[in-house]
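Undergrad: I'd like to ask you about the structure that follows.
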Amino acid sequence: MSSPALVLFRKECRVALRSTATWCVFAACASLVGVFFVFALREAEGGPGTLPELFCMPLALAAPLPAAFFTMGLFARERHNGTLETLLTAPVSDAQTVLAKFSAACLLSLVALALCLPVFHAYLRFAAPPPAWDPRALASGWCAIACATVLWTALGLFFSLLCRHESAAGAATLIAGLGISMPVSGAVELPFDSALAPYSLVAFARGVADTRPLFVALSGAAFLLFLSVRVLESRRWLPSASF
Amino acid sequence: MMLDVQELTRRFGRDTALDGVTFSADAGERIAVVGRNGAGKTTLLRVLSTFLPADSGRASVAGFDLFSRGGAVRSVVGYLPEGAPLDPDLRVAEYLRFRGHLRRMSGRHLRRRLHDVAAFCGLAPILNARIRALSAGQRHAVGLADAILHEPDVLLFDDPLAAADAVQARSFARLLAAPEVSDGRLVLFSTHDAGLVRAAATRVLFLERGRLAADTTNIPLAGSLADWFDRWSAQ
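Protein sequence lines, in the order shown, are assigned to chains A and B.
As numbered in the working numbering, residues 3 to 245 make up the first sequence, in order.
As numbered in the working numbering, residues 615 to 849 make up the second sequence, in order.
As structure tokens, then:
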């Protein structure tokens, strides 16, 4: 016998992995990172950037994409199908529902990021002469980007709860994710702007372990999950049309 | 007492969907909730299924307080919302297994129940079919199977004949009155179908503008629901 949250988590993962669109997103994410990695290598020829740093920049830019895709349907699709009513009358709490769906989307987003690593491996295999690089720097950069992905996933889940259509939820997640991570210089500067900017995350791949981005990302994700549970609870007080 | 509802009130902004509804019911009863559109039938079932909270009043289901023991109530209630919403991406057996696991049913018990409800609801030939490929009647049968899978004490059906044709309506009335569904359980269903009330109900609750206007076991043998409403409204 499994806990209802685990049952829901497994079901979300199974349904997503069975979908062709999921594998297309995995492939698109790796391709995008690969193309931009090649551009970055050309731009930085003879420059100061280390190899993991050049790889982590496109990875950080691509991170909101899988998060937006895997979260956009979490609640919006349930509402569209009408299954939110059957889900919320099953013996599973609102917090368990939010956590299970978030964990599934988070895992899939991280898998998408992990599937980008073969691009880096392919470059090492074919580069002549073989470049020198530090695996710890790449691991450190990847972990920082994974932390930011946790935040994008929580943001996507929150928008999926607020929006009636999954495409609207996905678009809102992308706009918010890219807006937060790439603030227009000179425009309104929010305190977390620089912390979540790709160059801050990529600094980890340079060996600069600044804990501020991690703190902002993880505490922001926790706050968004808390808000999501509250939003789900408050939906019960709205007229039936809101479901 | 399987269900005890006292002064249940639910408002949506300025609209009062349920206005001090009070009634109680025992196991073995099959209660039809009838009323015009917007009378509060769906809201009553949604509140009793814990999907919606109430603004005031008290209710207990199988001895569990509806508002403080919501989790316990959900485990003893089987609920089929209007239109039988199902996950279209899953296969029938997979969906029922998922719903069973969600209610903490164990492997062997779940397999046995799955076999029983599939036979009872006529799902055996379509257990491996994708839900998106099913007809409205088949989807409805899956919804019914889901509601009775965990052998709940209380069954709530919201307008189960909303999309049913005449044959499906007759078949559903037969299912509702079958011992597998109603024995030892309380069944509460809302409907606009006088035939279903006559065939399956032992008691009728008539809601009018959120109020319980009539609560009777004298079910008229003839006439349409509109005739009944006129008679009960005039009382």
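All residues carry an ideal CB built from backbone N, CA and C; glycine is no exception.
As the structure is a prediction and not an experimental result, all values here were calculated from the model.
Quick one: Cα of ALA836/B to Cα of LEU90/A, how far?
TA: Residue mapping note: residue 836/B aligns to position 222 of the second sequence, counting from 1. Residue mapping note: residue 90/A aligns to position 88 of the first sequence, counting from 1. Whole-angstrom Cα-Cα distance: 39 Å.
Undergrad: For GLU822/B, write down the residues that DSSP places opposite it in a beta bridge.
TA: To locate residue 822/B, count along the second sequence from 1; it is residue 208. DSSP output for GLU822/B lists ARG825/B as bridge partner(s).
Undergrad: Between the C-alpha atoms of TRP144/A and SER663/B, what's the straight-line distance to the nearest angstrom?
TA: The residue labelled residue 144/A in the question sits at position 142 within the first sequence. The residue labelled residue 663/B in the question sits at position 49 within the second sequence. Answer to the nearest angstrom: the Cα atoms are 45 Å apart.
Undergrad: Is it the case that the stretch 716-728 of chain B contacts the stretch 132-139 of chain A, given that we only count it when at least three CB pairs across the two stretches are under 8 Å?
TA: As far as the Cβ criterion goes, the stretch 132-139 of chain A does not touch the stretch 716-728 of chain B, which means the pair count is below three.
Undergrad: Kindly indicate which residue of CYS118/A, ARG81/A, GLU235/A and SER111/A has the alpha-carbon position closest to the one of PRO702/B.
TA: Indexing the second sequence from 1 puts residue 702/B at position 88. Nearest C-alpha to PRO702/B: ARG81/A.
Undergrad: Write down the C-beta distance between ALA808/B and SER838/B rounded to the nearest angstrom, noting that I regard them as a contact closer than 8 Å.
TA: Stepping through the second sequence from its first residue, residue 808/B is reached at position 194. Stepping through the second sequence from its first residue, residue 838/B is reached at position 224. Rounded, the Cβ-Cβ distance is 6 Å, consistent with contact.
Undergrad: Measure the Cβ-Cβ separation of ARG705/B and ARG753/B and say whether it is below 8 Å.
TA: Position 91 of the second sequence, counting from 1, holds the residue named residue 705/B. Position 139 of the second sequence, counting from 1, holds the residue named residue 753/B. Cβ atoms of ARG705/B and ARG753/B: not closer than 8 Å.
Undergrad: Identify the residues that DSSP records as bridge partners of ALA639/B: which are they?
TA: Indexing the second sequence from 1 puts residue 639/B at position 25. Note: ALA639/B sits in a beta bridge opposite LEU617/B.
Undergrad: Apart from the five residues on each side of it in sequence, which residues of its chain come closer than 8 Å, Cβ to Cβ, to ASP650/B?
TA: Walking along the second sequence from the start, residue 650/B turns up at place 36. Sequence inspection shows Arg at residue 650/B; the Asp mentioned does not correspond to that position. Around ARG650/B: GLU822 and PHE843.
Undergrad: Tell me, please, which residues DSSP counts as bridged to LEU768/B.
TA: Counting from one through the second sequence, the residue named residue 768/B turns up at place 154. According to the sequence shown, residue 768/B is Val rather than Leu. VAL768/B pairs with VAL691/B and LEU800/B.
Undergrad: So that I know if they touch, is there some Cβ in chain B lying closer than 8 Å to that of PRO215/A?
TA: Within the first sequence, the letter at position 213 stands for residue 215/A. No, PRO215/A lies away from the interface with chain B (no Cβ there is under 8 Å from its Cβ).
Undergrad: What does PRO699/B reach in chain A if we use C-beta pairs closer than 7 Å?
TA: Looking up residue 699/B in the second sequence gives position 85. Within chain A, the residues near PRO699/B are ASN83, GLY84, THR85, GLU87 and THR88.
Undergrad: At what residues does the alpha helix (DSSP H) containing ILE182/A begin and finish?
TA: If you number the first sequence from 1, residue 182/A lands on position 180. That run of the alpha helix (DSSP H) goes 168-183.
Undergrad: Exposed or buried, HIS123/A, counting other C-beta atoms within 10 Å across all chains shown (16 or more means buried)?
TA: As a first step, residue 123/A is located in the first sequence; it is residue number 121 there, counting from the start. The residue is exposed, with fewer than 16 neighbouring Cβ atoms inside 10 Å.
Undergrad: Just by C-beta distance, which residues in the stretch 716-731 of chain B are closer than 7 Å to chain A?
TA: Correct list: LEU716, ARG717, ARG718 and SER720.
Undergrad: Starting from SER33/A and walking both ways along the alpha helix (DSSP H), at which residues does that stretch end?
TA: Counting from one through the first sequence, the residue named residue 33/A turns up at place 31. Its alpha helix (DSSP H) spans residues 22-45.
Undergrad: Across the stretch 69-84 of chain A and the stretch 99-118 of chain A, are there enough close Cβ pairs to call them in contact, namely three or more that are closer than 8 Å?
TA: Yes, the stretch 69-84 of chain A is in contact with the stretch 99-118 of chain A.
Undergrad: Give the interface partners of ASP633/B over in chain A, defined as CB-CB distance under 7 Å, in chain order.
TA: The residue labelled residue 633/B in the question sits at position 19 within the second sequence. Going along chain A, no residue has its Cβ under 7 Å from ASP633/B, so there is no contact; the nearest lies around 16 Å.
Undergrad: Using 8 Å for Cβ pairs, my map puts LEU220/A next to CYS149/A. What's the rounded Cβ distance?
TA: The residue given as residue 220/A occupies position 218 in the first sequence. The residue given as residue 149/A occupies position 147 in the first sequence. With a Cβ gap of about 6 Å, LEU220/A and CYS149/A count as contacting.
Undergrad: Please tell me whether, using a cut-off of 7 Å, the distance from the CB of ILE745/B to the nearest non-hydrogen atom of the ligand FMN is below it.
TA: Annotation note on the ligand FMN: not contained in the displayed structure, which lists no ligands.
Undergrad: Considering only DSSP beta bridges, list what ASP679/B is partnered with.
TA: Reading the second sequence from its first residue, position 65 is the one you call residue 679/B. According to DSSP, ASP679/B bridges with SER674/B.
Undergrad: Could you confirm whether any beta carbon from chain A is found closer than 8 Å to the beta carbon of GLY567/B?
TA: Nothing about residue 567/B can be read from this structure; chain B reaches only from 615 to 849.
Undergrad: Assuming ALA673/B and ARG799/B make a contact with CB atoms under 8 Å, what is their CB distance in whole Å?
TA: Sequence index remark: in the second sequence, residue 673/B carries index 59 (1-based). Sequence index remark: in the second sequence, residue 799/B carries index 185 (1-based). Going by Cβ atoms, the distance from ALA673/B to ARG799/B rounds to 17 Å, so no, they are not a contact pair.
Undergrad: Can you find a CB in chain A that lies within less than 8 Å of the CB of PHE665/B?
TA: For the purposes of this step, residue 665/B is taken as residue 51 along the second sequence, with counting starting at 1. So, interface residue.
Undergrad: Give a yes or no on whether the minimum CB-CB distance between SER187/A and chain B is below 8 Å.
TA: Along the first sequence, read from residue 1 onward, the residue named residue 187/A stands at position 185. No answer about SER187/A holds up, because its pLDDT of 45 lies below 50 and its placement is not dependable.
Undergrad: Sorted by chain position, which residues of the same chain lie with C-beta nearer than 8 Å to ALA787/B's C-beta, five sequence neighbours on each side aside?
TA: In the second sequence, residue 787/B corresponds to position 173, counting from 1. Counting only Cβ-Cβ distances below 8 Å, and skipping sequence neighbours, we find GLY809, LEU810, ALA813 and ALA814.
Undergrad: Going along chain B in order, which residues have a C-beta closer than 7 Å to the C-beta of SER95/A?
TA: As a working note, residue 95/A is residue 93 in the first sequence. Result: GLY685.
Undergrad: Within the continuous alpha helix (DSSP H) that includes ARG713/B, where are the two ends?
TA: For the purposes of this step, residue 713/B is identified with residue 99 of the second sequence, where counting begins at 1. Here the alpha helix (DSSP H) through ARG713/B covers 706-716.
Undergrad: Within 8 Å (strictly less), CB to CB, does LEU234/A reach chain B?
TA: Mapped onto the first sequence, residue 234/A falls at position 232. Judged by the 8 Å Cβ criterion, LEU234/A is not in contact with chain B.
Undergrad: Using a threshold of 8 Å, state whether the C-beta atoms of LEU632/B and LEU659/B are closer than that.
TA: For this step, residue 632/B is matched to residue 18 along the second sequence. For this step, residue 659/B is matched to residue 45 along the second sequence. Cβ distance not < 8 Å, so LEU632/B and LEU659/B don't count as in contact.
Undergrad: Over what stretch of residues does the alpha helix (DSSP H) that includes GLY647/B continue unbroken?
TA: What you label residue 647/B is simply residue 33 of the second sequence in a count that begins at 1. According to the sequence shown, residue 647/B is Val rather than Gly. That residue, VAL647/B, is in no alpha helix (DSSP H); its beta strand (DSSP E) goes 644-648.
Undergrad: Is DSSP giving ALA1/A helix, strand or coil here?
TA: The shown model of chain A, from 3 to 245, leaves out residue 1/A, and the question about it has no answer.
Undergrad: Consider the Cβ of VAL17/A: report whether some Cβ of chain B lies at a distance smaller than 8 Å.
TA: In the first sequence, counting from the first residue as 1, residue 17/A sits at position 15. Output row for VAL17/A: interface = yes.
Undergrad: Taking 6 Å as the limit between beta carbons, can you name the residues of its chain near THR830/B, skipping five residues before and five after?
TA: Here residue 830/B corresponds to residue number 216 of the second sequence, with the count starting at 1. So the qualifying residues of the chain are VAL818.
Undergrad: Which chain A residues sit within Cβ distance under 8 Å of PRO702/B?
TA: Position 88 of the second sequence, counted from the first residue, corresponds to residue 702/B. Residues of chain A passing the Cβ test: ASN83.
Undergrad: I want to verify the contact list: residues of chain A whose CB lies under 8 Å from the CB of PHE712/B, in sequence order.
TA: Here the question's residue 712/B lines up with position 98 in the second sequence. Ordered by position in chain A, the residues that pass the 8 Å Cβ test against PHE712/B are VAL9 and LYS13.
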